[in-house]
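Keeping their order, the protein sequence lines are chains A and B.
The opening residue of the first sequence carries number 1 in the UniProt record's numbering; numbering runs sequentially from there.
The opening residue of the second sequence carries number 1 in the UniProt record's numbering; numbering runs sequentially from there.
Backbone N, C-alpha and C fix where the C-beta goes; we use that ideal spot for every residue, glycine too.
Contents: one structure, followed by commentary.
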Amino acid sequence: MQATKSFERAFLRQLLRVFRLSAVSYKSMSLQERKSAIKLSADVAMASARGSRKWTRGLIAKLSEEDEHRSFLRLILGTEYERLTKPCHGSWKIPRSKKIVRRSLRVCSRRKNNLRAPHGVKSSVLARTLVEKRTHALKRLVPGGESLDGYSLLDEALDYVISLRAQADLMQKLLTTFEASKLSALSKCTLPERKASFVGK
Amino acid sequence: MPVEMSSRRSSSRISDEEISELISKLQSLLPESRRRSMSRASAAKLLKETCSYIKSLHREVDDLSDRLSDLMSTMDSGSPQAEIIRSILRS
């Protein structure tokens, strides 16, 4: 599964736009500050390109916790910032979530080797506890995940992973392009060609 | 975590198929599952590998931010490379 081309394009567009806007302040920044600014830019671009999802809202909310980030976010996102930070019908939990977690446990264990004899109550209790522990861990890793459960959590995690993968890939491509520009500084290669090679056909 | 019992019942149930599909999609993304047999997957393992993968992606992006910020520092110089980067950003 991969991120859509339109997401990649929107992400690149936003990222370049953000870099363009922030480039002027890079001069006065320390290395650490610049690194944080770029990480922030990449996250904002990713959330903005993806649109409204539980995790993008969670991410924007987390980034907004710092005062200095908030004005930057408003600048980059414009009216989208208000839309993404608007409370989303509270944090209602899906009532059937516990049933779904139990059902997904059953679906998963159906794939297991049937020869494995059940060890009675203890091992299944342990298995449940392990699942609970790891579910909590996942909730902390997925932005906005704290208010999600079961199916929604996995659904958001899936989307988040796809977007993170795209984020890393795009940043790598950007890096490669910039590094290659060192070699092609004197070449006759035109700019539009270089940019087109980015997002693919 | 406190158990919140909601009195609201949604009319649309999520089917076993939808759950299976979601789990498959997630598994297909995880790097480890491509090497190992799918049949050994358990909920606990799926969650663990998803968490690991997210963490490793975070580290990757962190590292790329590092390298990009090194590169951006050449923006203030008058080198041909800086000019090219500037023109890419302008386009």
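By the CB criterion at 8 Å, Leu153/A and Leu138/A fall inside the cutoff. Asp169/A and Leu77/A have their C-alpha atoms some 22 Å from each other.
At a cut-off of 8 Å between C-beta atoms, Glu60/B counts as an interface residue with respect to chain A. The DSSP-derived three-state label of Gly51/A is coil. Against chain B, a Cβ distance below 7 Å from Gln167/A picks out Val61. Buried is the label assigned to Pro143/A, since at least 16 other Cβ atoms lie within 10 Å of its Cβ. A Cβ-Cβ separation of about 6 Å places Thr85/A in contact with Ser64/A under the 8 Å criterion.
Listed along chain B, the residues sitting closer than 7 Å to Arg134/A by beta-carbon distance are Ala44, Leu47, Lys48 and Cys51. Taking a beta-carbon distance threshold of 8 Å, Val131/A counts as an interface residue toward chain B.
Around the beta carbon of Ser6/A, a 10 Å sphere encloses fewer than 16 other beta carbons of the protein chains shown; the residue is thus reported as exposed. Secondary structure at Leu130/A: helix, using DSSP grouped into helix, strand and coil.
Taking CB atoms only, Asp155/A has a neighbour in chain B less than 8 Å away.
At a cut-off of 8 Å between beta carbons, Ile38/A contacts chain B.
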